[in-house]
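*Asks:* Take the sequence shown: its position 192, counted from the start at 1, is 234 in this note's numbering, and no numbers get skipped. Just dropping this structure here.
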Amino acid sequence: MLRAARVYVRVVDGFNRGLGKVIMWGVFAMAAILLWSSISKTFFNPSLWTLEVAQFAMVAYYVLGGPYSIQLGSNVRMDLFYAEWSLKKKAWFDAFTVLLLIFYLCVLLYGALNSFAYSLGYFGKEPFAFYADLIGTFLTGGPEAAREKLGYIERSPTAWRPYLWPVKLIMILGFFLMLLQVVAELIKDIARIKGETI
Numbered sequence: 043m044l045r046a047a048r049v050y051v052r053v054v055d056g057f058n059r060g061l062g063k064v065i066m067w068g069v070f071a072m073a074a075i076l077l078w079s080s081i082s083k084t085f086f087n088p089s090l091w092t093l094e095v096a097q098f099a100m101v102a103y104y105v106l107g108g109p110y111s112i113q114l115g116s117n118v119r120m121d122l123f124y125a126e127w128s129l130k131k132k133a134w135f136d137a138f139t140v141l142l143l144i145f146y147l148c149v150l151l152y153g154a155l156n157s158f159a160y161s162l163g164y165f166g167k168e169p170f171a172f173y174a175d176l177i178g179t180f181l182t183g184g185p186e187a188a189r190e191k192l193g194y195i196e197r198s199p200t201a202w203r204p205y206l207w208p209v210k211l212i213m214i215l216g217f218f219l220m221l222l223q224v225v226a227e228l229i230k231d232i233a234r235i236k237g238e239t240i
């Protein structure tokens, strides 16, 4: 196997493993937020922010933990026939299904990029042109000039009204990291087919 492929797999696996081990503790953050929500509703004035912060934390937990879950193979799969197959046959099947997953993650990433552009006030059909213009303006004119390129910043339609761009940015990062991890898994499957290990 090419040295570059081995390095790629090692770097992506290492980064997603480290991130996954940090994100695992997010379940305690969600529990603390929901506990505070219950306490504040019972003894004080209800906090407006708790439900949405818990939802945002759940998105981060799920999406940023996804690459580590893919790495561990802890995703749901139908083991009716798969469990009895040889390692080489499993690798052939996984390599094929990973291609479908790559397509699906590309669609999700494209949708997340569109949604992020919308949350920054861009309502057109060319989000990549918007990003290029925004970055170019930032590099040439600084933060103030880039801020003028932004439109109406999307907010949640609730009483607390948080900005939605941070959670959409987390979704972009999570889908991108999942895509990198799935490519690493494809490389591992190809190595298994060839009788090598990474």
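The beta carbon of each residue, even a glycine, is placed where N, CA and C say it ideally should be. Bear in mind that the values here come from a model prediction, so they are computed numbers and not experimental data.
1) Run the CB neighbour count on residue 133, radius 10 Å, all protein chains shown included, and call it buried at 16 or more, exposed below.
2) Could you give the residue range of the alpha helix (DSSP H) that holds residue 200?
3) Tell me which residues share the same chain as residue 163 and place their Cβ nearer than 7 Å to its Cβ, disregarding the 5 neighbours each side in the sequence.
4) To the nearest angstrom, how far is it from the Cα of residue 52 to the Cα of residue 233?
5) Relative to the alpha-carbon of residue 217, which residue among 111, 96, 71, 81 has its alpha-carbon at the smallest distance?
6) For the alpha helix (DSSP H) holding residue 65, just list the boundary residues, first then last.
7) Would residue 212 and residue 101 be called neighbours here (beta carbons separated by less than 8 Å)?
8) Are there 16 or more other CB atoms within 10 angstroms of the CB of residue 92, so buried, or fewer, so exposed?
9) May I have the straight-line CA-CA distance separating residue 66 from residue 60, to the nearest angstrom?
10) Roughly how many angstroms separate the alpha carbons of residue 221 and residue 88, rounded to a whole number?
11) Nearest-angstrom Cα distance between residue 179 and residue 188?
12) By DSSP, does residue 125 sit in helix, in strand, or in coil?
13) Quick one: what's got a C-beta closer than 6 Å to residue 90's C-beta in the same chain, skipping five residues either side?
14) Pick helix, strand or coil for residue 91, following the three-state DSSP scheme.
15) For the alpha helix (DSSP H) containing residue 166, name the first residue and the last one.
16) Please state if the CB of residue 224 and the CB of residue 147 are separated by a distance shorter than 8 Å.
17) CB-CB under 7 Å to residue 158, same chain, minus the five flanking residues each way: which ones, in chain order?
*Replies:* From the atom records:
1) buried
2) Neither: residue 200 is in no alpha helix (DSSP H) and is coded neither H nor E.
3) 192, 193, 194, 195
4) 14 Å
5) 111
6) 45-65
7) yes
8) buried
9) 10 Å
10) 40 Å
11) 5 Å
12) coil
13) 201, 202
14) coil
15) Taken as a continuous stretch (DSSP letters only), residue 166 belongs to no alpha helix (DSSP H), as it is neither H nor E.
16) yes
17) 207, 210, 211, 214
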